[in-house]
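Participant:
Chains as they are written, first to last, in our numbering: chain A, 1 to 103; chain B, 1001 to 1880.
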């Protein structure tokens, strides 16, 4: 099952370590080269969905900034991310084999 | 501004989303806004708008998602229900049998509960009815006696009581309205305070003033709603008009609302009870019934304690009225408990018994479900192999049983409605509030609750067993034999339980049957047939003195004796089985102190009473016409009275006097001894009695007419004779003594009928269960049977083998049931008035139940076994 681009990017950002919501938003923007911008509402909706699916977990409130929580990947999230990467790599591999990536 | 926008945008999403992520979103929004702000005002505005849009969109999206998630959960339930319906539809026989068994079980429970609900559970219709209490005089031999006027004044001083009222138990009276026939009515005399105690106001007009309880002021009357409708067509113009009650003119001052029916539903009118605080009636005349209301904050206990103190004070002050041996005390009971005290034990017992019936029905249906499971094992195993969890299978199976039980619950309401009608018709007339029995919301709730509970009870075991079946075991070969054992054990356990419950019910019913038989065999002490009775109440207005009353009664007696078909006629102040008692203090000559113990009964009778009643005269003579007011005073005593006071010696010629030892009343000489009579009913013991000629001048008398043949035609002639003598008199309670006796055992007959029906129902259900199990066992073992026959087993051997299983199981159930009965019937014996003259361990009953049950077991398991044993071996081998 393929992940949506936003989901994939969020998982990717979290694979480098815990982030709070705003941090995820900024990193997604950077990671996608400015192509994917996630609105605040959409971000938390996606996070909520991924938490229910057990891919992402929320930590306790951050010290110094009580309103925010850090999010991190769960082992299951890591596995899903790895599988998605493999799937994408496989697709890229096929594309290469057909000479689509040749310059 | 931006914060408002944010809040509104957030509001579009579900609240759970807001509460989970709200603070974070706010923090992020502020960070983002500050960053955008660095790029200028337009940038920050764009950011705000973009974020608001995004928030609103995702909020709505979230709402949609959640709604959808819920719907999916719902549709899963819908699917279970659809499966359940399909499953039931596909096996109509199973469904029909299960439905009938459950509907009968639930319906019977609903019907009994509706009676329990109306009679025992519903609060009384009075204001703060939980604070109302009934006060009785309690004697060792008479646990519930009336209160005398001086006692009533004593009790008014009690601190715990807010108010206290009194009434005289309803009596017959003649109601005459100008231009109408005299009509028999029930009147009751009450204190004005009674209405206040009960918190009852008149629907029209008023109730009484305290002043109207004073002598000479009580010429007013309050009508019941029923009488007002019946006699005066609900015309409010009756207020202020004058009617004649017992030939006395009284003015109608009020009409009570329909719900007010105190002290009984039969009361037609209330009259002021005359109280004379300055010169009250004697302390020994316990003629009043007392109701009181507890003060706010006062408890039943405090009232009991205070009244107990008063009682011991009275015992000290008036040893003549409260002799030490009589064990005087004051009994205080909550009014609601008091009202239903006599029917509660029986009703609760019946509710328990009918619960057994439902349990049997449950066991039956559970067994049917297990039997049916054979065909479904594969279906379930396949679904399990395809990934259904055990829980989802259990859920589906439970949905099925719940579906079945709730469906039966619905059907049972129809049945309950019908049974309720039968119950009310069958119930003895003196059960209070029986007329309010209906299927109300509480009964509906009860039905729904027991339906669901039933579904869970009979569905759980089969669901669990079935869902546990592992796919490999079931889908592999030989599934029947491997699964069969486990399930068969469950089935046998259920069947044994079912039989045990049925046995317990049968034993209970058997004990009640034997005890009822004993009861109606009891000799009441007189000849009940052919005898007719009728009651008359002479108004003091028309018959002011004893002489005029005696004259009227005597001339009526003579004219009745002159009727053809009449062998003898007599009258008595209180006949047997009337429900009324009367007693007087007396002193027996030669005794140390007081003789009266509170249990001796006093009656005034006419000449020929003993002859008419068929009460044997053991010594001396009856009264005759010469024993009038001028003659020397005489008394006839009963056998037990004579034994009590002149043990073994000749009672004739002995003397006693009315009142206490110091009393100035004349000595009365014993001239005769008669047999004992059970006045209070067949189950009651015969109390010592003494009879006197008409001396006190009682207004109310009951006539007894001994017929030469059928007394039925005499009833009309009695009315006619009374009319001839006084056309303004109404005649009450005209019936045969046989019917009176039969009415007196209505309660035990009701208990017996119900318990017997439950037991029969239980037996039928158990028989169906045994039949089902036997039939099922046969199909299970068909190939085995074929093999055995092929190997040379005879028909008889096969039959024995097949019968053996059912018989062994039922035998175990029978054994357990008899053990349970031994325990349960001890409890039954403790329920007052249920068992009469029989031990709870009555061996003939147990034996009969064992025999009946064994026969039913054999009859029910024989047909399937016999069918199987006749099967040709080839046929049975092919069956697999």
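Idealized CB from N, CA, C, for every residue including glycine.
Quick one: complete alpha helix (DSSP H) runs, 4+ long, within the segment 1683-1747 of chain B?
Facilitator: You should have 1714-1725 and 1737-1744.
Participant: Residues of chain A with CB closer than 7 Å to the CB of residue 1057(B), please, in chain order.
Facilitator: Going along chain A in sequence order, the residues near residue 1057(B) (Cβ under 7 Å) are 41.
Participant: In its own chain, which residues sit with a C-beta less than 8 Å from the C-beta of residue 1303(B), not counting the 5 before and 5 after it?
Facilitator: Here the set comprises 1133, 1158, 1160, 1161, 1292, 1294 and 1332.
Participant: Tell me the start and end of each unbroken beta strand (DSSP E) in the segment 1168-1201 of chain B that is at least 3 residues and wholly inside, in chain order.
Facilitator: Complete beta strand (DSSP E) runs here, min 3: 1171-1176 and 1183-1190.
Participant: Using only alpha-carbon positions, find the residue among 1120(B), 1835(B) and 1759(B) that is nearest to residue 1361(B).
Facilitator: 1759(B)
Participant: Give me the subset of the segment 61-75 of chain A whose CB atoms are less than 9 Å from a CB atom of chain B, sorted by chain position.
Facilitator: 61, 65, 66, 67, 68 and 69
Participant: Mark residue 1123(B) as exposed unless 16 or more other C-beta atoms lie within 10 angstroms of its C-beta, in which case mark it buried.
Facilitator: By the 16-neighbour rule on beta-carbons within 10 angstroms, residue 1123(B) is exposed.
Participant: Would you verify that the beta carbon of residue 1350(B) is, or is not, closer than 8 Å to some beta carbon of chain A?
Facilitator: no
Participant: Just to make sure I have the definition right: I need the residues of chain A whose C-beta is within less than 8 Å of the C-beta of residue 1050(B). Which are they?
Facilitator: 39
Participant: Residues in its own chain within less than 7 Å of residue 1513(B) by CB, not counting five upstream and five downstream?
Facilitator: 1752 and 1756
Participant: Using a cut-off of 7 Å between C-beta atoms, extract the partners of residue 1023(B) located in chain A.
Facilitator: 67
Participant: Compute the beta-carbon to beta-carbon distance between residue 1566(B) and residue 1705(B), rounded to the nearest angstrom, for a pair I have assumed lies under 8 Å.
Facilitator: 6 Å
Participant: Let me know the alpha helix (DSSP H) ranges lying completely inside the segment 1199-1277 of chain B, each 4 residues or longer, listed in chain order.
Facilitator: 1225-1232
Participant: Strictly by DSSP, which residues pair up with residue 1292(B)?
Facilitator: 1133(B) and 1164(B)
Participant: What residue from 20(A), 85(A), 90(A) and 82(A) has the CA that sits closest to residue 40(A)'s CA?
Facilitator: It is 20(A).
Participant: Name, please, each residue of chain B whose Cβ falls closer than 9 Å to the Cβ of residue 50(A).
Facilitator: Going along chain B, no residue has its Cβ under 9 Å from residue 50(A), so there is no contact; the nearest lies around 13 Å.
Participant: What in chain B is Cβ-close to residue 54(A), meaning under 8 Å?
Facilitator: Correct list: empty, because the minimum Cβ distance to chain B is about 16 Å.
Participant: Is it true that the segment 1577-1590 of chain B meets the segment 1644-1657 of chain B, where meeting means three or more beta-carbon pairs spaced less than 8 Å apart?
Facilitator: Touching, yes.
Participant: Please work out which residues of its chain come closer than 7 Å, Cβ to Cβ, to residue 1119(B), disregarding the five sequence neighbours upstream and downstream, and give them in chain order.
Facilitator: 1340, 1343, 1347, 1431, 1432, 1433 and 1434
Participant: Can you say whether residue 1231(B) is buried or exposed, counting buried as having 16 or more other CB atoms within 10 angstroms of its CB?
Facilitator: buried
Participant: Quick one: is residue 1648(B) buried, meaning 16 or more other Cβ sit within 10 Å of its Cβ, or exposed?
Facilitator: Counting Cβ neighbours within 10 Å, residue 1648(B) comes out exposed, since fewer than 16 surround it.
Participant: Considering residue 1664(B), what are the terminal residues of the beta strand (DSSP E) in which it resides?
Facilitator: Residue 1664(B) -> no beta strand (DSSP E), and no H or E assigned at all.
Participant: Helix, strand or coil: which one does DSSP assign to residue 1619(B)?
Facilitator: strand
Participant: Out of 1632(B), 1671(B) and 1663(B), state which residue places its alpha-carbon closest to the alpha-carbon of residue 1650(B).
Facilitator: 1671(B)
Participant: Quick one: give me the first and last residue of the beta strand (DSSP E) that residue 1604(B) is part of.
Facilitator: 1601-1604
Participant: Using a Cβ-Cβ cutoff of less than 7 Å, which residues in the same chain neighbour residue 1478(B) once the five nearest sequence positions on both sides are dropped?
Facilitator: With a pLDDT of only 45 at residue 1478(B), under 50, the local geometry of the prediction cannot be trusted, and no value is derived from it.
Participant: How is residue 4(A) classed by DSSP in three states: helix, strand or coil?
Facilitator: coil
Participant: Please list the terminal residues of the continuous alpha helix (DSSP H) segment that includes residue 1037(B).
Facilitator: 1015-1038
Participant: Flag this pair as yes or no: are the beta carbons of residue 1510(B) and residue 1848(B) separated by less than 8 Å?
Facilitator: yes
Participant: Cutting at 7 Å between CB atoms, please list the residues of its own chain near residue 1749(B), excluding the five before and the five after it.
Facilitator: 1516
Participant: Mapping the DSSP letters down to three states, classify residue 1454(B) as helix, strand or coil.
Facilitator: helix
Participant: Suppose the cutoff is 6 Å on Cβ atoms and the five residues either side in sequence are ignored; what does the same chain contact list for residue 1105(B) look like?
Facilitator: 1357, 1358 and 1361
Participant: Could you tell me how far apart the beta carbons of residue 1215(B) and residue 1251(B) are, in whole angstroms, since I believe they sit closer than 8 Å?
Facilitator: About 17 Å; that fails the 8 Å criterion.
Participant: Grab the span of the beta strand (DSSP E) containing residue 1638(B) for me, first residue to last.
Facilitator: 1634-1638
Participant: Determine the extent of the beta strand (DSSP E) in which residue 1334(B) is found, giving its start and end residues.
Facilitator: 1329-1334
Participant: Between 25(A), 47(A), 90(A) and 33(A), which has its C-alpha nearest residue 1021(B)'s C-alpha?
Facilitator: Taking only the C-alpha atoms, the option nearest residue 1021(B) is 47(A).
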